[in-house]
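The structure under discussion appears below in the form of structure tokens.
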Amino acid sequence: MVPMSGDATRPWQRLSSGFEEARAREDSLDRLVEWPAQRELLGDVTGLSVLDAGCGNGAKLAQLATEGAVDCVGVDLSENFIEPPRGVRLVLGDLSDLAAVPGLSGRSFDRILFLQSFGYAADGVAALRTARSMLTDDGFILLTRTQPVRHALERAEQNGTSLGEEYFSTDAFSYRHRTWDEHVTLTKRPYTMSDLLNTFSAAGLWIDTTVEPQMAADLAERYPHKKAVLDRYLGILMFRLRPLQTPSSTAAR
Ligand SMILES: C[S@@+](CC[C@H](N)C(=O)[O-])C[C@H]1O[C@@H](n2cnc3c(N)ncnc32)[C@H](O)[C@@H]1O
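Each residue of the sequence shown is one higher than the one before, counting from 1 in the working numbering.
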């Protein structure tokens, strides 16, 4: 079954600065593995418009703008933004309904990003349907999400239960990230791989590419403690999603 309500979002008002500090560290998995893989999946962004849903401080979008992206918008509810460069607008808003964010009604984008932010949508299917409706003809969504096995394994270790019990549990769970801010508790909804894949189908999207990025050998040698994290908890999943072309949507063109 596709879960209909997302992770609680309010703690992000407190968590965002700790998250950004952790992300900026030389040995963060985002810097070593995730952002390079996300960047590769995006390809050449010259002349393309990008919407970053749950953009954090907006630094990734700013980099894309320096690499040629135009008319970029970042949306986040923590409002802990950098000074945006030319061609980038950073807006306070909820990614659950991107079309309702100030200035976005009627707009379309070549690339829409949900980078480790999709779980916070109040209704994942609705959020993706809206994003799909905002894509240009050749546009795609880049969505990344933590491997569900990682959360299940962590909970199994904490609770003395089995991987399967936790993986298939449907109870919300509390989660604290030690390197972001150990005092802030996030409430998360578990999901399985089938939940995730069914969400994409229900939103009328197909998966063009899936990537499970791992650490390059030289980086693994330099940062063995981070390689050990990936070896145990697998890391994150990345999907390039495109609109399914139904006979009616093709005829409408
Ligand atoms: C794990 S961070 C990822 C940030 C960024 N996308 C990245 O890849 O570094 C999740 C982000 O989602 C934002 N967020 C959480 N719930 C949100 C919501 N309902 N609407 C908009 N942003 C939200 C948080 O404030 C935070 O910046």
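Note that the Cβ used here is the ideal one computed from N, Cα and C, for glycine as well.
**Study point:** In DSSP terms, what residue 206 is bridged to
**Key:** Here residue 206 refers to the residue found at position 206 of the sequence shown. Residue 206 pairs with 242.
**Study point:** Contact between the region 28-45 and the region 222-241 (3+ Cβ pairs under 8 Å)
**Key:** yes
Practice item. Determine the burial state of residue 4: buried for a count of at least 16 other Cβ atoms within 10 Å of its Cβ, exposed for fewer. Key: Counted from its first residue, the sequence shown places residue 4 at position 4. Caution applies to residue 4, whose pLDDT of 45 falls short of 50 and renders its modelled position unreliable; the value that the coordinates give is listed next. Counting Cβ neighbours within 10 Å, residue 4 comes out exposed, since fewer than 16 surround it.
Exercise for review: Leaving aside the five residues before and after residue 257 along the sequence, list all residues of the same chain whose C-beta is less than 8 Å from its C-beta, in chain order.
Suggested key: In the structure as shown, the chain starts at 1 and stops at 253, and residue 257 therefore has no counterpart that could be examined.
Check your understanding: Nearest-angstrom Cα distance between residue 188 and residue 152?
Key -> Position 188 of the sequence shown, counted from the first residue, corresponds to residue 188. Position 152 of the sequence shown, counted from the first residue, corresponds to residue 152. Distance between the alpha carbons of residue 188 and residue 152 is about 12 Å.
Check your understanding: Of all residues in the structure, which have a C-beta closer than 5 Å to any heavy atom of ligand 1, taken in chain order?
Key -> 9, 12, 54, 56, 76, 77, 78, 94, 95, 115, 116, 117 and 120
Check your understanding: With a Cβ-Cβ cutoff of 9 Å, do residue 50 and residue 61 count as a contact?
Key -> Translated into the one-based positions of the sequence shown, residue 50 becomes position 50. Translated into the one-based positions of the sequence shown, residue 61 becomes position 61. Result yes, Cβ atoms of residue 50 and residue 61 sit closer than 9 Å.
Exercise for review: Decide if residue 137 is buried, meaning its Cβ has at least 16 other Cβ atoms within 10 Å, or exposed.
Suggested key: Residue numbering aside, residue 137 sits at position 137 when the sequence shown is read from its first letter. Answer is exposed; the Cβ neighbour count stays below 16.
Exercise for review: Report the rounded CA-to-CA distance for residue 231 versus residue 102, giving the unit in angstroms.
Suggested key: Your numbering for residue 231 matches position 231 in the sequence shown. Your numbering for residue 102 matches position 102 in the sequence shown. The alpha-carbon atoms of residue 231 and residue 102 are separated by roughly 42 Å.
Point to revise | Rounded Cβ spacing between residue 65 and residue 43 (contact assumed at less than 8 Å) | key: Your numbering for residue 65 matches position 65 in the sequence shown. Your numbering for residue 43 matches position 43 in the sequence shown. About 16 Å; that fails the 8 Å criterion.
Exercise for review: Quick one: residues in its chain with C-beta nearer than 6 Å to the C-beta of residue 179, no 5 flanking neighbours on either side, listed in chain order?
Suggested key: Position 179 of the sequence shown, counted from the first residue, corresponds to residue 179. So the list reads 22, once near-sequence residues are dropped.
Practice item. Quick one: grab the DSSP three-state call for residue 4. Key: On the sequence shown, position 4 is the one that residue 4 refers to. Residue confidence for residue 4 is low, a pLDDT of 45 falling below 50, so the modelled location carries little weight; the figure read from the coordinates is stated next. Residue 4 falls in the coil class under three-state DSSP.
Exercise for review: Answer yes or no: do residue 110 and residue 48 have a C-beta to C-beta separation smaller than 9 Å?
Suggested key: Working through the sequence shown from its first residue, we reach residue 110 at position 110. Working through the sequence shown from its first residue, we reach residue 48 at position 48. Between residue 110 and residue 48, the gap from beta carbon to beta carbon is short of 9 Å.
**Study point:** residue 25 CB to nearest heavy atom of ligand 3 below 8 Å
**Key:** No copy of ligand 3 appears in this structure; the ligands present are ligand 1.
Review point. Out of 174, 210, 12 and 221, which has the shortest C-alpha to C-alpha gap to residue 92?
Key: The residue given as residue 92 occupies position 92 in the sequence shown. When only C-alpha atoms are compared, the closest one is 12.
Review point. Could you give the distance in angstroms between the alpha-carbon of residue 146 and the alpha-carbon of residue 181?
Key: By one-based count along the sequence shown, residue 146 stands at place 146. By one-based count along the sequence shown, residue 181 stands at place 181. In a straight line, the C-alpha of residue 146 is about 18 Å away from that of residue 181.
Review point. If you draw a straight line from the C-alpha of residue 117 to the C-alpha of residue 75, how long is it?
Key: Position 117 of the sequence shown, counting from 1, holds the residue named residue 117. Position 75 of the sequence shown, counting from 1, holds the residue named residue 75. Cα to Cα, the separation comes out at about 11 Å.
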